[in-house]
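J.:
In full-length UniProt numbering, the protein residues as written are 1 to 85.
What follows is the structure, given as structure tokens:
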């Protein structure tokens, strides 16, 4: 979530999380300051957002790699298994 007033944004984020019926499966809700009237604020937000997306892509790629190789190993160890890939 991005907005100019982070105090209000934190409250809104808490309300969103609280309104979810299954709080155990609620992901992290990031709260960032973004003032569209300030080029410095926009650049700062873009830098933070870009970094967090690169990290997310890296970790999801690593997870996919591990899952694929786990299936390959299972199939190699037990030829009667049908791979799900």
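Using N, Cα and C, we set each Cβ at its ideal position, and we do this for glycine too.
Residue 4: which of 14, 41 and 28 sits nearest, CA to CA?
T.: Looking at the Cα atoms, 41 is the closest of the given residues.
J.: Is the Cβ-Cβ distance between residue 2 and residue 32 less than 9 angstroms?
T.: The answer is yes: Cβ separation under 9 angstroms.
J.: State the start and end residues of the unbroken alpha helix (DSSP H) segment that holds residue 28.
T.: Neither: residue 28 is in no alpha helix (DSSP H) and is coded neither H nor E.
J.: Taking Cβ positions, are residue 17 and residue 29 nearer each other than 9 angstroms?
T.: Contact: yes.
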